[in-house]
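Here the sequence shown is numbered in UniProt numbering, starting from 1 and rising by one per residue. These notes concern the structure reproduced below.
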Amino acid sequence: TSAHFVAVLQGILKVIAGIEISFTLTSKSSTGDDEDDEFADLYLFKWTALMILPLMIIVLNIVAILFAVCRTVFSENPQWSNLVGGSFFAGWVLVHMYPFAKGLMGRRGRTPTIVYVWSGLIAICFSLLYITIKNSEIDGGTFWLT
Numbered sequence: 001t002s003a004h005f006v007a008v009l010q011g012i013l014k015v016i017a018g019i020e021i022s023f024t025l026t027s028k029s030s031t032g033d034d035e036d037d038e039f040a041d042l043y044l045f046k047w048t049a050l051m052i053l054p055l056m057i058i059v060l061n062i063v064a065i066l067f068a069v070c071r072t073v074f075s076e077n078p079q080w081s082n083l084v085g086g087s088f089f090a091g092w093v094l095v096h097m098y099p100f101a102k103g104l105m106g107r108r109g110r111t112p113t114i115v116y117v118w119s120g121l122i123a124i125c126f127s128l129l130y131i132t133i134k135n136s137e138i139d140g141g142t143f144w145l146t
């Protein structure tokens, strides 16, 4: 899951710098009374601006798959190998982002709308920037940002 990166980072820190990271292992109580739990703050999920980047990556990869399918289907000379390769790697990214998406969907109603708005806006900006740069390569290689 998404903890693999942190585990690798912890191993590298332990080997190179000799830094030992300790974690407090807890388990959720099966009852609904969390007021008296001393670890109740550990279970609170706080939304930050850091949620925008992973959500933007998910949106961009979904848009990339849809764009690749439309481009291949409606092309005069379809390049199916590009579709399969691009969809495979975009799907690979989406598979790795699945735990994040699952956590996001489990928190429906508690997710601030601004997180979705900013993720969509940033994804659109990156898509338009990519299209502008790609079209400038066709026009002779000059890139003009107007």
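Even for Gly, the Cβ is constructed at its ideal location relative to N, Cα and C.
Under the DSSP assignment, residue 89 falls in the alpha helix (DSSP H) whose first and last residues are 80-96. In the three-state reduction of the DSSP assignment, residue 18 falls in the coil class. In the DSSP assignment, residue 61 falls within the alpha helix (DSSP H) that extends over 52-73. With a cutoff of 7 Å on beta-carbon distance, residue 87 and residue 68 are scored as near each other.
In chain order, 52, 56 place their CB closer than 7 Å to the CB of residue 122, counting only its own chain and leaving out the 5 sequence neighbours on each side.
The beta carbon of residue 58 sits closer than 7 Å to the beta carbons of 94, 97, 101 from its chain, once the five residues preceding and following it are set aside; these are given in chain order.
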